[in-house]
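Notes for the one structure printed next.
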Amino acid sequence: MAAALFAAHTALALAFCAALVLALCVMLAGARSGGRRCPPYCRKSSSIAILTLPPCHTTPAQTASPSGEPCEGGDGDGMHQQQLLLWSGIGLHKRIFGELLSFDLRQRVWRHLRPAPGPHPVPRWKAGTAQAAAGGMVVVGGDAYTPNTRLHSYSNDVWRLAPTPAGHWTWEQAVVAPGAQPAPRRGHSTIHYKGEDVAEHIVLFGGRTQDKALLNDAWVLSLRWPNATWHQLAPQLPSGYGAPAPRRGHSAVLVPGGNGSSPHMLVYGGREDVKYYDDVWLLSVGEGSWRRLEPTSDALPLGRDHHSTAVAGGKMFAWGGRLGRTYFEAQALNELWAFDLQTRAWEQVEQKGPVPLPRFEQAHTQYTPPGAAAPRLLVFGGQAAHVCQLNDVAELDLATLTWRQLSAPRFCTHRCRKAHRQGLLG
């Protein structure tokens, strides 16, 4: 008993020391050292997006960045800057983070950003996140868990984080028109596309409600900021009724329509309470109809949840994720599979470069660097084995299937650093 209490107190003390070191790092980073800032705390299920900025110039009027600081990416090559935006997520001891950070994808530098004063969303995890057309991100729903009270608060609110012409960041809540709306939820998916009517659209699917009911309804949100209107694309249906079974922790990616036709949403994986799904479904955004894509290959990936997917070259790539009946039995993955959208064949493909540690609940997004021939799948953080959370950034070239580690993992607890040294994290 005494030994157990001592071990618990020791673990808490080490966690406190790690948090204190990072906090001091953030404070001391206010005094510049080449523009560098501390990495974010280790976390999972955060919200990320890619922001593309014009090239840096030397005139005073053009040297302000949305961080509110001088533009430090200008090296005279005229290339656009791309930054990873990071907001919220959940960390050690179920701590919800509320800070906003950016990561320069060329300089590989973290910065802590200061949004303009005004209304802002409650920090949360397992929210739906989509790229905003004008830059920044759109956040839909999620779980604002409060560790002190152990209370969850699921939401269905819609917020946009966007840069201003003055070089600041501002949060803006959408004004949703009266009428039917999706139930508050977490663990859902969102994709973004721009319609022919110039409006932005976000398609939402699945998730879990606060009373633990699983969902398989689909909705589309039409946005003309700040005005927004929800329309139901597909209703909630029982399993086996021509729609994906209700689920959470799945992935969804956009498949653009050809010749002016409506786009599709491709859904893969996810789970119910104990079962992991391995199925692939296609939703016609124009018709609101589902179609299951039955695989034609003998090789199939195991079902999983909280993985990452991207589409390139007529294939959907699926990386990472989790298997395991319970939270503490979770098996983290770092294998890569490709699903051919024409032949419907799965293939496990070889990865090149430094493959990131196995993980699940990582944040991910797809983007294309300026001048690149193919898009990239970018992942941040997540949870590795032994309940060890991460804060690294890596990207996969979807043409060469080569990984680049943009920032190395820095474990936030002594226990996880030790497990990594011992090779226990993969």
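Heads up, the sequence shown is in numbering that gives the first Met the number 0, so the first residue is 0 and it goes up one at a time.
Beta carbons are placed, not taken as given, at the ideal position from N, Cα and C, and that holds for glycine.
This one's a predicted model, so the numbers in the text were calculated from it and none came from an experiment.
Alpha carbon of residue i to alpha carbon of residue j, nearest angstrom
i           : j           : result
residue 299 : residue 240 : 24 Å
residue 303 : residue 359 : 9 Å
residue 422 : residue 181 : 44 Å
residue 62  : residue 44  : Because residue 62 carries a pLDDT of 33, less than 50, the predicted location of this residue cannot be relied on, and no value is offered for it.
residue 379 : residue 403 : 12 Å
residue 279 : residue 165 : 44 Å
residue 32  : residue 348 : At residue 32, the pLDDT of 35 sits below 50, so the modelled position is not reliable; the number obtained from the coordinates is stated separately. Taking the straight line joining both Cα atoms gives about 41 Å.
residue 26  : residue 194 : Bear in mind that the predicted position of residue 26 carries a pLDDT of just 45, short of 50, making it unreliable; the figure below should be weighed with that in mind. Cα-Cα distance, rounded: 44 Å.
residue 51  : residue 370 : 13 Å
residue 0   : residue 413 : With a pLDDT of 48 at residue 0, under the threshold of 50, the predicted position of this residue should be treated as unreliable, though the coordinate-derived value follows. Cα to Cα, the separation comes out at about 23 Å.
residue 476 : residue 357 : Not covered by the structure: residue 476. The range shown for the chain is 0 to 425.
residue 132 : residue 260 : 20 Å
residue 338 : residue 271 : 23 Å
residue 177 : residue 80  : 39 Å
residue 218 : residue 264 : 12 Å
residue 148 : residue 277 : 36 Å
residue 120 : residue 297 : 46 Å
residue 134 : residue 238 : 38 Å
residue 273 : residue 196 : 42 Å
residue 230 : residue 288 : 14 Å
residue 248 : residue 211 : 13 Å
residue 127 : residue 417 : 33 Å
residue 146 : residue 372 : 45 Å
residue 330 : residue 345 : 21 Å
residue 18  : residue 328 : The predicted model places residue 18 with a pLDDT of 47, which falls under 50 and marks its position as unreliable, so this point remains unresolved.
residue 226 : residue 53  : 28 Å
residue 4   : residue 290 : In this prediction, residue 4 has a pLDDT of 45, which is less than 50 and means its spatial position is unreliable; nothing more can be read from the coordinates.
residue 88  : residue 258 : 39 Å
C-beta atoms of residue i and residue j nearer than 9 Å
i           : j           : result
residue 242 : residue 215 : yes
residue 232 : residue 284 : yes
residue 220 : residue 173 : yes
residue 125 : residue 185 : yes
residue 143 : residue 201 : no
residue 352 : residue 384 : no
Of the residues the options, the one placed nearest residue i, counting alpha carbons only
i           : options            : result
residue 321 : 301, 198, 346, 127 : 301
residue 48  : 159, 296, 194, 117 : 159
residue 138 : 46, 286, 276       : 46
residue 401 : 424, 386, 374, 407 : 374
residue 228 : 274, 335, 292, 199 : 199
residue 256 : 286, 271, 338      : 286
residue 37  : 372, 170, 408, 130 : 408
residue 222 : 175, 258, 237      : 175
residue 156 : 123, 197, 258      : 123
residue 110 : 85, 127, 258       : 85
residue 311 : 211, 399, 230, 282 : 399
residue 361 : 381, 329, 89, 134  : 381
residue 90  : 136, 42, 53, 127   : 42
residue 224 : 136, 212, 368      : 136
residue 275 : 372, 323, 355      : 323
Supposed close pair residue i, residue j - CB separation, criterion 8 Å
i           : j           : result
residue 206 : residue 191 : That pair is no contact at about 17 Å.
residue 154 : residue 140 : 5 Å
residue 295 : residue 343 : 5 Å
residue 40  : residue 96  : 6 Å
residue 281 : residue 292 : 6 Å
Cut-off 8 Å between Cβ atoms - residues of its own chain near residue i, not counting five sequence neighbours on either side
i           : result
residue 250 : 188, 266, 267, 268, 269, 306, 307, 308, 317
residue 235 : 214, 215, 216, 245
residue 58  : Since pLDDT at residue 58 reaches only 27, below the 50 mark, its modelled position is unreliable, and no value is offered.
residue 22  : Its pLDDT being 49, under 50, residue 22 is placed unreliably in this model, and the value from its coordinates should be taken loosely. Here the set comprises nothing.
residue 367 : 373, 374, 375
Own chain residues within Cβ distance below 7 Å of residue i, not counting five before or after
i           : result
residue 419 : 410
residue 376 : 307, 309, 316, 318, 363, 365, 394, 395, 397
residue 209 : 151, 153, 183
residue 168 : 65, 99, 112, 114, 115, 160, 162
residue 405 : 104, 107, 392, 393, 394
residue 118 : 170, 172
residue 313 : 339, 340, 341
residue 354 : 333, 402
6 Å CB neighbourhood of residue i in its chain, flanking five on each side removed
i           : result
residue 253 : 190, 192, 262
residue 415 : 387
residue 332 : 319, 320, 357
residue 82  : 50, 101, 103
residue 335 : 318, 348, 350
Cβ of residue i within 9 Å of any chain D Cβ
i           : result
residue 370 : Absent here is chain D; the protein component of the structure consists of one chain.
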